[in-house]
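J.: Handing you this structure, nothing more for now.
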Amino acid sequence: MKKKLKFNSKVIHGGQSLEKGYGAVMPPIYQTSTYAQTSPGKHLGYEYSRTHNPTRTALEKSLASIENGNHGFAFASGLAAMDAIIKLLKPGDEVISTNDLYGGSYRLFDKIFKDFGIKFHFIPMDKTSLIKSLITKKTKLIWVETPTNPMMNIIDIELISNISRNNKILLAVDNTFASPYLQKPLNLGADIVMHSATKYLAGHSDVILGSIVLNDDVIAEKIRFIQNASGAICGPMDSFLTLRGIKTLHLRMKRHCKNAKKIAHYLKSHSKIEKVFWPGFQNHPNHEIAKKQMKNFGGMLSFIPKGSDYKSAVKIVEKLELFTLAESLGGVESLAGHPASMTHASIPKIEREKSGVVDSLIRLSVGIEDVEDLILDLDKAIG
Ligand SMILES: *Cc1c(COP(=O)(O)O)cnc(C)c1O
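Counting from 15, one number per residue, gives the positions in the sequence shown under the working numbering.
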């Protein structure tokens, strides 16, 4: 029956089975590096915790279940998960990637893997003609992040999956901003879905963890091999915390979306705000795609105060009290960020501004507090 569960039941029960030893309802934290064998090679299914650990297995099964995939993998961080995906490639291979990418993803591609002979094309993905024009025999992967960070562009996953399928190229989607509650890339034709589970999946800003979910058995074996051979795994405690976070994902996401919608409208009607980036607005350039592929519009938004520059934007985020000025997103508490100096500081200014990340841009991760309090806080800071 568990295979057919609806999403709100899957977050709690998906892939889970009762612990056999004492009937513990929650999966125990198996804080062990190794497992006893009765004779060489004779054991209860676990040998060494880099390869596998029962708490991690419970999480990996949950991840696969909520993304509607066959295979789930948990890593030490979102970037460790991405690192494993890029290791499917070889020198000479090429990747076509979303241009307004999470800063750390850009850094991994441009500062690490470029030196290993992999070529990355960073492009806006609203025009499929541009993607098609870059495809050669060397193109092995299309990397999509949607909604994008921090400009909240929406990329049509289904449309791009048609191109990747036709050209036998893998399509990987960073689903961090949406979470599987809002968007299921595998259902839309993607081959691999990746998460920084640090954000909405774990949801409480108390753990760093990454995930990969996919369907294909052959690619899954390769990822399993890389996970063990490179060893960027997460520990049992972090696996437990993420699994616990996932159990309330549906409730949290609903509230994140509701609060963000109210704040987006509040900011839009504010006389001192120039522009608000939130895919729920009818005049957002990708509103129709968002409506098609997402259940709701998410908890993230960005805005530009009128006539502001680097200094005045920084002043606003400094004045916020309930919104904590911090990197990261997706936790129960509201956070504010200044991408130009924080999350996107590793991207050169010229590259950054090409995708709209100007010095005056402010990003909000809207939490699940009382929205009236959040609006009061913004009102005071904007002045
Ligand atoms: C945070 C983030 C990452 C990196 O994940 P870590 O868990 O910090 O390694 C990747 N992609 C997106 C969209 C993110 O927000």
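Cβ coordinates follow ideal geometry from the N, Cα and C atoms, glycine included.
To which residues does DSSP link Glu332 through a beta bridge?
T.: None, per the DSSP bridge assignment.
J.: Among Ser193, Thr162, Lys141, Pro199, which has the Cα closest to the Cα of Ala211?
T.: Taking only the C-alpha atoms, the option nearest Ala211 is Ser193.
J.: Count the C-beta pairs between the segment 251-260 and the segment 113-121 that are closer than 8 Å, then say yes if the count reaches three, no if not.
T.: In short, these stretches do not touch, since the Cβ pair count stays below three.
J.: Taking the beta strand (DSSP E) that Met363 falls in, what are its first and last residues?
T.: Here residue 363 turns out to be Lys, not Met, going by the sequence shown. Counting along the chain, Lys363 falls outside any beta strand (DSSP E), though it belongs to the alpha helix (DSSP H) covering 363-368.
J.: Flag Glu365 as yes when its Cβ comes closer than 7 Å to any non-hydrogen atom of ligand 1, and as no otherwise.
T.: For ligand 1, not one heavy atom lies less than 7 Å from the Cβ of Glu365.
J.: Ile222: beta carbon under 7 Å from a heavy atom of ligand 1?
T.: Flag set: Cβ of Ile222 near ligand 1.
J.: For Lys76, which of Pro41, Asn180, Met356 has the nearest alpha-carbon?
T.: What sits at residue 76 in the sequence shown is Ser, not Lys. It is Pro41 whose Cα lies nearest to the Cα of Ser76.
J.: According to DSSP, is Arg64 helix, strand or coil?
T.: Coil.
J.: Please report whether the beta-carbon of Val109 lies at a distance below 8 Å from any beta-carbon of chain D.
T.: Of the protein chains in this structure there is only one, and it is not chain D.
J.: Could you tell me the boundaries of the beta strand (DSSP E) in which Ser253 lies?
T.: Per DSSP, Ser253 belongs to no beta strand (DSSP E); it is in the alpha helix (DSSP H), 250-260.
J.: Under 8 Å Cβ to Cβ from Asn181, same chain only, skipping five residues before and after it: list those, please.
T.: Around Asn181: Ile149, Thr153.
J.: For Leu155, report the span of its beta strand (DSSP E) as first-last.
T.: Its beta strand (DSSP E) spans residues 153-159.
J.: Is it right to say Glu81 is buried, meaning 16 or more other beta carbons lie within 10 angstroms of its own, or is it exposed?
T.: By the 10 Å Cβ count, Glu81 comes out buried.
J.: Since His209 is in the beta strand (DSSP E), which residue starts that stretch and which ends it?
T.: Unbroken beta strand (DSSP E) run through His209: 206-210.
J.: For Ile361 versus Ile330, is the C-beta distance shorter than 8 Å?
T.: Contact: no.
J.: Is Thr112 near ligand 1, in the sense that its beta carbon is under 7 Å from a heavy atom of that ligand?
T.: Incorrect: Thr112 has no Cβ contact closer than 7 Å to ligand 1.
J.: In angstroms, rounded to a whole number, what distance separates the CA positions of His270 and Arg238?
T.: Taking the straight line from one Cα to the other gives about 33 Å.
J.: Return the first residue and the last residue of the beta strand (DSSP E) that Glu108 is part of.
T.: Glu108 -> beta strand (DSSP E) spans 108-112.
J.: Starting from the Cα of Arg179, find the closest Cα among Met96, Ala204, Pro250, Gly245 and give me that residue.
T.: When only C-alpha atoms are compared, the closest one is Ala204.
J.: Can you tell me whether Pro68 is buried or exposed? The criterion is at least 16 other CB atoms within 10 Å of its CB, across all chains shown.
T.: The residue in question, Pro68, is buried, as its Cβ has 16 or more Cβ neighbours within 10 Å.
J.: Cβ of Pro105 within 8 Å of Cβ of Ile126?
T.: For Pro105 and Ile126, no; Cβs fall outside 8 Å.
J.: Suppose you measure from the CA of Glu159 to the CA of Leu202; what does that come to, to the nearest Å?
T.: Cα-Cα distance, rounded: 14 Å.
J.: Taking the C-alpha atoms as reference points, what is the distance between Leu144 and Glu108?
T.: Approximately 15 Å between the Cα atoms of the pair.
J.: Which same chain residues end up closer than 7 Å to Asp391 when comparing Cβ atoms and leaving out the 5 residues on each side of it in sequence?
T.: Excluding sequence neighbours, Asp391 sits near Leu334, Glu335, Leu336, Phe337.
J.: Do Leu343 and ligand 1 come close, with the Cβ less than 7 Å from some heavy atom?
T.: Under cutoff, so the answer is yes.
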